[in-house]
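**Student:** In the numbering used here, the protein residues as written are 10 to 391. Glycine residues also receive a C-beta, built at the ideal position from the N, C-alpha and C atoms. Everything numeric in this text was worked out from a predicted model, so none of it was measured. One structure is given below, represented as structure tokens, and several questions about it will come after.
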Ligand code: SF4
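Right under this line is the structure:
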């Protein structure tokens with residue numbers, strides 16, 4: 010795997026409380042002069058403002074002493090990364106292009122009607138090292154891992170835009186939430202950035218803050234087998250596997266990581282995922298590629314492969330991109346494939362392509378917007 014460029018927050022930079030853990034908040038408070046024995050209590054108060062109310066300013070934090078609020082206003086920040094572009098699809102899907110740092114831009118997508126009410130698909134890296142052949146995102150070189158703060162910022166930006174932070178006057182009942190689920194299925198391989206992903210999940214799931222339960226957070230991997238059980242131990246998140254083939258020869262081609270961790274190793278790791286049960290099933294992602302992986306024999310092979318694993322299968326009609334070597338399977342073929350899985354007792358929804366008009370569909374992230382912006386620049390230059 011390529012050497013990752015670690016993020017390099019300057020130690021002298023103004024501390025940004027949006028994205029910090031409780032301990033980081035306490036440490037930052039001490040660094041601006043709060044007594045060590047009071048820092049934890051103050052951090053708990055700040056936590057509530059930052060992650061429950063989505064505060065972007067210290068001034069309204071009414072239970073924090075005025076002089077401390079003033080000091081925080083001068084010596085600390087509550088900022089989000091810049092939004093470079095924001096689009097809303099005809100079907101309500103929203104996509105944001107976010108600048109985390111100069112030259113470090115990534116996309117995230119909100120999809121209404123997925124999960125309990127709506128799911129936010131977040132990125133864990135900018136670019137990817139894995140080059141899955143059906144994935145446009147994978148054609149973009151890895152820029153770097155995102156930090157936990159940058160992952161949490163994606164959720165905060167979405168809640169800003171969906172106007173979903175409660176206020177003192179307007180509490181948010183659980184049933185009124187629009188953003189109920191988080192899926193790590195945007196850019197990158199989350200298990201190559203597990204420390205930051207785990208830290209971000211701790212922040213997002215904390216009941217005093219954003220409070221999205223770990224059961225509603227799904228982490229999708231292309232199959233980094235040795236880290237799969239560790240993901241479960243450290244995060245309690247739901248597991249998704251980007252599977253796409255039922256034999257090693259084809260999977261080596263579609264998901265080259267399979268050469269390193271073939272199906273046998275992958276499935277041994279999946280079976281070791283903590284807490285698997287019918288209430289905690291593994292989601293298998295299977296992209297439907299015409300004439301490649303879509304025969305009824307493959308559907309039956311998939312049933313055999315999944316034997317004994319509590320599973321559901323998401324069938325994803327392939328979203329073509331310029332120069333992609335594949336076509337999407339015919340609709341009847343996808344339905345026949347799904348029927349074999351359903352008959353064997355597996356839920357196997359066919360994922361409706363979402364946000365195609367704004368290039369937010371599965372596997373289309375980032376590179377397309379980069380291309381579009383590049384051609385817009387070229388046009389402007391002309
Ligand atoms: S499918 Fe995921 S792991 Fe594979 S290239 Fe695309 S972003 Fe990377």
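1. Classify residue 234 as buried or exposed, calling it buried when 16 or more other Cβ atoms lie within 10 Å of its own Cβ.
2. Less than 8 angstroms between the beta carbons of residue 103 and residue 169, yes or no?
3. Between the alpha carbons of residue 87 and residue 25, how many angstroms are there, rounded?
4. When DSSP labels each residue in this structure, what does residue 302 get in the three-state scheme?
5. Check the C-beta distance from residue 141 over to residue 263 and give it rounded, since I have them as a contact under 8 angstroms.
6. Please tell me whether, using a cut-off of 7 angstroms, the distance from the CB of residue 140 to the nearest non-hydrogen atom of ligand 1 is below it.
7. May I ask which residues mark the beginning and end of the beta strand (DSSP E) holding residue 96?
8. Kindly indicate which residue of 58, 289 and 200 has the alpha-carbon position closest to the one of residue 219.
9. Just to confirm the assignment, what range does the alpha helix (DSSP H) spanning residue 288 have?
10. By DSSP's criteria, residue 112 is part of a beta bridge. Which residues make up the other side?
11. With three or more C-beta pairs closer than 8 angstroms as the rule, is the segment 218-232 touching the segment 51-67?
12. Between residue 200 and residue 67, what straight-line distance do the alpha-carbon atoms span, to the nearest angstrom?
13. Can you tell me which of the three DSSP states residue 297 falls into?
14. Just tell me which of 42, 40, 53 and 44 has its CA closest to the CA of residue 31.
15. From the beta carbon of residue 159, is the nearest beta carbon of chain B less than 8 angstroms away?
16. Less than 6 angstroms between C-beta atoms, sequence neighbours within five positions excluded: which residues of the same chain meet that for residue 232?
17. With DSSP as the reference, identify every bridge partner of residue 226, one or two as the case may be.
18. So, with DSSP's three-state summary, where would you put residue 326?
19. Indicate whether the contact test is met: 3 or more Cβ pairs, each with one atom in the segment 174-184 and one in the segment 139-158, closer than 8 angstroms.
20. Is any non-hydrogen atom of ligand 1 found closer than 7 angstroms to the C-beta of residue 146, if you look at the structure I gave you?
21. Taking the straight line between their C-alpha atoms, what separation do you get for residue 111 and residue 134?
22. Buried or exposed: residue 385, going by 16 or more other Cβ atoms within 10 Å of its Cβ?
23. Rounded to the nearest angstrom, what separates residue 50 and residue 42 at their Cα positions?
24. When we look at the beta-carbon of residue 356 and count the other beta-carbons within 10 Å, is it buried (16 or more) or exposed?
25. Report yes if the C-beta of residue 341 is less than 7 angstroms from at least one heavy atom of ligand 1; otherwise report no.
26. Tell me the residue span of the alpha helix (DSSP H) that contains residue 263.
27. In three-state terms, what does DSSP make of residue 8?
28. Classify residue 287 as buried or exposed, calling it buried when 16 or more other Cβ atoms lie within 10 Å of its own Cβ.
29. What is the rounded straight-line gap between the Cα of residue 149 and the Cα of residue 308?
30. Indicate the three-state DSSP secondary structure (helix, strand or coil) for residue 143 in the structure shown.
31. Would you say residue 251 touches ligand 1, meaning its beta carbon is less than 7 angstroms from a heavy atom?
32. With respect to 7 angstroms, is the separation between the Cβ of residue 254 and the closest non-hydrogen atom of ligand 1 below this value?
33. Quick one: what's residue 248 bridged to in DSSP?
34. Give the DSSP-derived three-state secondary structure of residue 84 in the structure shown.
35. With respect to the beta strand (DSSP E) encompassing residue 128, which residues constitute its N-terminal and C-terminal limits?
36. Could you tell me whether the Cβ atoms of residue 222 and residue 194 are closer together than 8 angstroms?
**Tutor:** A quick look at the data gives this:
1. Mapped onto the chain shown, residue 234 falls at position 225. Burial check for residue 234: the Cβ neighbour count within 10 Å reaches 16 or more, so the residue is buried.
2. If you number the chain shown from 1, residue 103 lands on position 94. If you number the chain shown from 1, residue 169 lands on position 160. No, these two residues do not count as a Cβ contact at 8 angstroms.
3. For the purposes of this step, residue 87 is identified with residue 78 of the chain shown, where counting begins at 1. For the purposes of this step, residue 25 is identified with residue 16 of the chain shown, where counting begins at 1. About 5 angstroms.
4. Here residue 302 is taken as the residue at index 293 of the chain shown, counted from 1. If DSSP states are grouped into helix, strand and coil, residue 302 belongs with coil.
5. Walking along the chain shown from the start, residue 141 turns up at place 132. Walking along the chain shown from the start, residue 263 turns up at place 254. At roughly 6 angstroms, the Cβ-Cβ gap stays under 8 angstroms, so residue 141 and residue 263 are in contact.
6. Along the chain shown, one-based indexing puts residue 140 at 131. It does: the Cβ of residue 140 is within 7 angstroms (strictly closer) of some heavy atom of ligand 1.
7. Within the chain shown, numbered from 1, the residue matching residue 96 stands at position 87. Note, residue 96: beta strand (DSSP E), 91-97.
8. Translated into the one-based positions of the chain shown, residue 219 becomes position 210. Among 58, 289 and 200, the Cα nearest to that of residue 219 is on 58.
9. Taking the chain shown and counting its residues from 1, the one referred to as residue 288 is at position 279. First-last for residue 288: undefined, no H or E at that position.
10. Counting from one through the chain shown, the residue named residue 112 turns up at place 103. In DSSP, residue 112 forms no bridge with anything.
11. Taking one beta carbon from each stretch, the segment 51-67 and the segment 218-232 have 3 or more pairs nearer than 8 angstroms; the two touch.
12. Along the chain shown, one-based indexing puts residue 200 at 191. Along the chain shown, one-based indexing puts residue 67 at 58. Roughly 35 angstroms separates the two Cα atoms.
13. By one-based count along the chain shown, residue 297 stands at place 288. Judged by DSSP in its simplified three-state form, residue 297 adopts strand.
14. Reading the chain shown from its first residue, position 22 is the one you call residue 31. A check of alpha carbon separations from residue 31 across 42, 40, 53 and 44 identifies 53 as the nearest.
15. The displayed structure is made up of one protein chain only, and chain B is not part of it.
16. Stepping through the chain shown from its first residue, residue 232 is reached at position 223. Its chain contains 266, 270 and 275 as the residues whose beta carbon lies nearer than 6 angstroms to that of residue 232, once the 5 sequence neighbours on both sides are disregarded; these appear in chain order.
17. What you label residue 226 is simply residue 217 of the chain shown in a count that begins at 1. Paired residues: 191.
18. Position 317 of the chain shown holds residue 326. Of the three classes helix, strand and coil, the one that applies to residue 326 here is strand, per DSSP.
19. As far as the Cβ criterion goes, the segment 174-184 does not touch the segment 139-158, which means the pair count is below three.
20. Mapped onto the chain shown, residue 146 falls at position 137. Yes.
21. Here residue 111 is taken as the residue at index 102 of the chain shown, counted from 1. Here residue 134 is taken as the residue at index 125 of the chain shown, counted from 1. A straight-line Cα-Cα distance of about 15 angstroms links residue 111 and residue 134.
22. In the chain shown, the residue the question calls residue 385 occupies position 376. Note that residue 385 scores a pLDDT of 42, beneath 50, so its modelled location is shaky and nothing firm can be said.
23. Within the chain shown, residue 50 is the residue found at index 41, counting from 1. Within the chain shown, residue 42 is the residue found at index 33, counting from 1. Near 14 angstroms, if we compare the C-alpha coordinates of residue 42 and residue 50.
24. On the chain shown, position 347 is the one that residue 356 refers to. Exposed, since its Cβ has fewer than 16 Cβ neighbours within 10 Å.
25. The residue given as residue 341 occupies position 332 in the chain shown. Not under cutoff, so the answer is no.
26. Here residue 263 corresponds to residue number 254 of the chain shown, with the count starting at 1. For residue 263, the enclosing alpha helix (DSSP H) begins and ends at 257-263.
27. Missing from the structure shown is residue 8; the chain here goes from 10 to 391 and no further.
28. As a working note, residue 287 is residue 278 in the chain shown. By the neighbour-count criterion, in which 16 or more other beta carbons inside 10 Å mark a residue as buried, residue 287 falls on the exposed side.
29. Translated into positions along the chain shown, residue 149 becomes position 140. Translated into positions along the chain shown, residue 308 becomes position 299. Their backbone Cα atoms lie some 31 angstroms apart in a straight line.
30. Residue numbering aside, residue 143 sits at position 134 when the chain shown is read from its first letter. Three-state result, residue 143: coil.
31. Within the chain shown, residue 251 is the residue found at index 242, counting from 1. Result yes, Cβ under 7 angstroms from ligand 1.
32. Your numbering for residue 254 matches position 245 in the chain shown. No, Cβ of residue 254 sits at least 7 angstroms from all heavy atoms of ligand 1.
33. One-based indexing of the chain shown puts residue 248 at position 239. Checking the DSSP bridge columns, you'll see residue 248 partnered with 228.
34. Here residue 84 refers to the residue found at position 75 when the chain shown is read from its first residue. Here residue 84 carries a helix assignment [DSSP, helix/strand/coil].
35. Within the chain shown, numbered from 1, the residue matching residue 128 stands at position 119. 127-130 is the span of the beta strand (DSSP E), which, as asked, contains residue 128.
36. Here residue 222 corresponds to residue number 213 of the chain shown, with the count starting at 1. Here residue 194 corresponds to residue number 185 of the chain shown, with the count starting at 1. For residue 222 and residue 194, no; Cβs fall outside 8 angstroms.
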